[in-house]
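If you're matching them up, the sequences are chains A and B in order. Heads up, the first sequence is in my numbering, so the first residue is 61 and it goes up one at a time. Heads up, the second sequence is in my numbering, so the first residue is 261 and it goes up one at a time.
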Amino acid sequence: MSVLAFSSILLVVSYFAGILGAITGLGGGAVLIPVLVLFFHVNIYYAMGASLIAVIATSSGATAVYLRHGLTNLRIGMLLEVGAVSGALLGAWLVPSFPAASLAILLGMVLLVSAYFVLKRPGDSETATAAHPWAQALQLNGSFPIPGGTQTYQVQGVPLALLVMSLAGLLSGLLGIGAGVLKVLAMDQTMRLPYRVSTTTSNFMIGITATASVGLYFTHGYLDPGLIFPVLLGVLLGSFTGTRLLTLLSIRTLRLIFSVVVCLLGFELIYKGLTGAV
Amino acid sequence: MQEKIKGRLSLLLLAGIFLSAALVLCGAFLYLWKHGQLPMTFPRFGKTPLSYTAIFPVLQGLRLGDPAAFIFSGFLVLVFSQVLRVLVLGIYFLQGQEYWLALASGFIFIVLLYSLCGQ
């Protein structure tokens, strides 16, 4: 295979990763790393570096559109980022001390757990009726447009969500993913935000979290220009397409797509990690 | 006011995306022109020593017309648009006298700058 053919294939794969990342709020990295490692045999550290760039590109492309739709909650996003960026910096700092196989197994497990929790939640109508005191003090409660008006929501579980965000940041830095899965989970289940608000706010956040860790990947030399350009361009295009699809697909479909894809890739990564094929 | 800041942030991100994509496209074109027909050897990823591990060498490479420097500068533009959006939000919260959120933004801004420039 020539460099041109490889770049073209990676561009197409990144396009679909960008679509998935934008519609689920997970950032695309969770798909991109397994694909690069399992199918293209790219060193996992370099795959993680490329994935972080994909996460930032997805976040930029999707957030630019979602901000205009009025779905993103900026206050929640910035508050929770305090925990996320701290964890991300620590995670990226720890990367060189972890062997590749351990990272693959850990990533596989994170993907499986994420898929389980996303499928587990029964519906989208369980928004909270009473707000947490921090949410009231910081005016975190919000509203978003629905057909024929707006729907308001109250925010719960702020301290626990901050804690989960620190863990999400740690995993983001350590595994090169956006950790959007954990972020959506924290906002969706702990803070009881509507699913679309969770995914769009997660999209807003993942770019900032990934930026906190990508600097260390950059200075450690874990970024390769041959991977950066197809990933960055493909994911940017994919994220724009994904933002258009978000309003067309049902929440059940979004969750099903997300869960099936990450489950398959998670099992494959664990298998390869255990057999030393990574 | 909230709608105004969302519009500004959206514009900032779009500007970052287009500038970054333009630089990366230039770099990709030059890179494929030079290396496109070479056979892809998968182990090259992870074994190639990289010289672009700081901002200054990237700028120097850009002046010399190196394809990799164009790609890295596109990456840096994308990354710094994230830093800028945190700064813009911090100023917005400060103007609105929302000091806790302004403090949170300031903390995030410092962490991002440290990650990118503090090594």
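Even for Gly, the Cβ is constructed at its ideal location relative to N, Cα and C.
Buried/exposed call for residue i, threshold 16 Cβ in 10 Å
i: A/T307; result: exposed
i: A/Y126; result: buried
i: B/V371; result: buried
i: B/L271; result: exposed
i: B/Q320; result: exposed
i: A/R252; result: buried
i: A/S258; result: buried
i: B/I331; result: buried
i: A/T212; result: exposed
i: A/S119; result: buried
i: A/T335; result: exposed
Straight-line gap, residue i to residue j (C-alpha atoms, nearest Å)
i: B/P309; j: A/V244; result: The predicted position of B/P309 is uncertain, since its pLDDT is 45 and thus under 50; a value taken from the coordinates is nonetheless stated next. The straight-line gap from Cα to Cα measures roughly 37 angstroms.
i: A/N133; j: B/E263; result: 11 angstroms
i: B/L373; j: A/A122; result: 23 angstroms
i: B/S365; j: B/L269; result: 14 angstroms
i: A/L70; j: A/P290; result: 6 angstroms
i: A/T313; j: A/A82; result: 14 angstroms
i: B/A328; j: B/L322; result: 8 angstroms
i: A/M61; j: B/L298; result: 9 angstroms
i: A/F177; j: B/S311; result: 42 angstroms
i: A/S162; j: A/I237; result: 15 angstroms
i: A/T301; j: A/I79; result: 6 angstroms
i: A/A65; j: B/G287; result: 17 angstroms
i: A/R304; j: A/H129; result: 11 angstroms
Proximal residues of chain B, C-beta to C-beta of residue i below 7 angstroms
i: A/F356; result: No answer is possible for residue 356 of chain A: it lies beyond the span of chain A, which begins at 61 and ends at 338.
i: A/G121; result: I277
Simplified DSSP state of residue i, which is helix, strand or coil
i: A/T158; result: Here residue 158 of chain A is Phe; the residue named in the question, Thr, does not match the sequence. Looking at A/F158 - three-state DSSP - the assignment turns out to be coil, as it is neither helix nor strand.
i: A/S262; result: helix
i: A/T210; result: strand
i: A/G202; result: strand
i: A/S62; result: strand
i: A/P254; result: coil
Whole-Å CB distance - residue i paired with residue j, under 8 angstroms assumed
i: A/L110; j: A/L92; result: According to the sequence provided, residue 110 of chain A is Ala. The question's Leu does not apply to it. Rounded, the Cβ-Cβ distance is 7 angstroms, consistent with contact.
i: A/V218; j: A/H192; result: 5 angstroms
i: A/G229; j: A/S262; result: A/G229 to A/S262, Cβ: 13 angstroms. No contact.
i: A/G233; j: A/G151; result: 2 angstroms
Distance cut-off 7 angstroms: residue i Cβ against heavy atoms of the ligand NAD
i: A/G217; result: Ligands in the displayed structure: none, and consequently the ligand NAD is not present.
Chain-ordered neighbours of residue i on chain B, where CB pairs are closer than 8 angstroms
i: A/I116; result: L338, V339 and Q342
Partners in chain A for residue i, counting only beta-carbon separations shorter than 7 angstroms
i: B/V346; result: I268
i: B/F332; result: P285
Cross-chain neighbours of residue i in chain A, by beta carbon under 9 angstroms
i: B/A282; result: By Cβ distance, chain A contributes nothing, its closest Cβ being about 11 angstroms from B/A282, past 9 angstroms.
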